[in-house]
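Last residue of the sequence shown? That's 133 in my numbering, and every number before it is there in order. Glycine is no exception: its CB is placed at the ideal position from the N, C-alpha and C atoms.
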Amino acid sequence: MKAEYFGDTAESLQNTTFSKMVGGRIHPSFRFQYSGSIEWREDQLFLENWADIHLQDIISISCAFDKNFSRFTTNYDIRLGFFTKGEPLIIQTTQQTYYLMINWNFFSGFTNNREWFRFIEEKRGKLSST
């Protein structure tokens, strides 16, 4: 699998500036420090310009809004994703908590986060059964 992402850490999202919060509603590139291609290779998630996440290091994964990333982080009321989708893909590892927006669409606010969530969960299930 391969796609494009915007991403940041839980710590960075907690300590963001007001101007980044406002800018993030226009486009994720104003809110998230990292962007590039995301690719799954063997048992690793490669985040171009940022990190490599090994499958065995993943503690938990979810698609949900939380205190660090609300419905208003990258959406506002004229985007369809405001009411229906747009949750970040949150990957907690032994070292870091990553927030990702995969293939985010400017007009709708939709992402491919759920597809990636299911894919990684399937890989985690296979790892735990071996």
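Per DSSP, residue 94 forms a beta bridge with which residues?
Looking at the DSSP assignment, residue 94 forms a beta bridge with 64, 101.
Which value, in whole angstroms, describes the spacing of the CA atoms of residue 66 and residue 54?
So the alpha carbons of these two residues sit roughly 20 Å apart.
How far does the beta strand (DSSP E) with residue 45 in it extend, from its first residue to its last?
Unbroken run through residue 45: none, as it is neither H nor E.
Backbone CA spacing between residue 35 and residue 129 [nearest angstrom]:
When rounded, the distance between both Cα atoms is 31 Å.
Sequence-distant residues of its chain with Cβ nearer than 8 Å to residue 127 (five each side left out):
The answer, listed in chain order, is 58, 61, 64.
9 Å Cβ cutoff met for residue 16 and residue 50:
Cβ distance not < 9 Å, so residue 16 and residue 50 don't count as in contact.
Just tell me which of 40, 45, 52, 100 has its CA closest to the CA of residue 69.
Looking at the Cα atoms, 100 is the closest of the given residues.
Can you look up residue 120 in the DSSP assignment and give me helix, strand or coil?
Residue state, collapsed to three classes: helix.
On the criterion of 16 or more Cβ atoms from any shown chain inside 10 Å, does residue 90 qualify as buried, or is it exposed?
Classification of residue 90: buried, given that the 10 Å Cβ count is 16 or more.
Quick check on residue 38: buried or exposed, where buried means 16 or more other Cβ atoms within 10 Å of its Cβ?
Residue 38 is classed as buried because its beta carbon has at least 16 other beta carbons within 10 Å across all chains shown.
Given that a residue counts as buried once 16 or more other Cβ atoms are within 10 Å of its Cβ, and exposed if not, what is residue 110?
So residue 110 ends up on the exposed side.
Are the beta-carbon atoms of residue 119 and residue 13 separated by less than 9 Å?
No, they are not a contact pair.
If residue 97 and residue 107 are in contact, beta carbons under 8 Å, what's the gap, nearest whole angstrom?
For residue 97 against residue 107, the beta-carbon gap comes to about 27 Å, at or over 8 Å, which does not count as contact.
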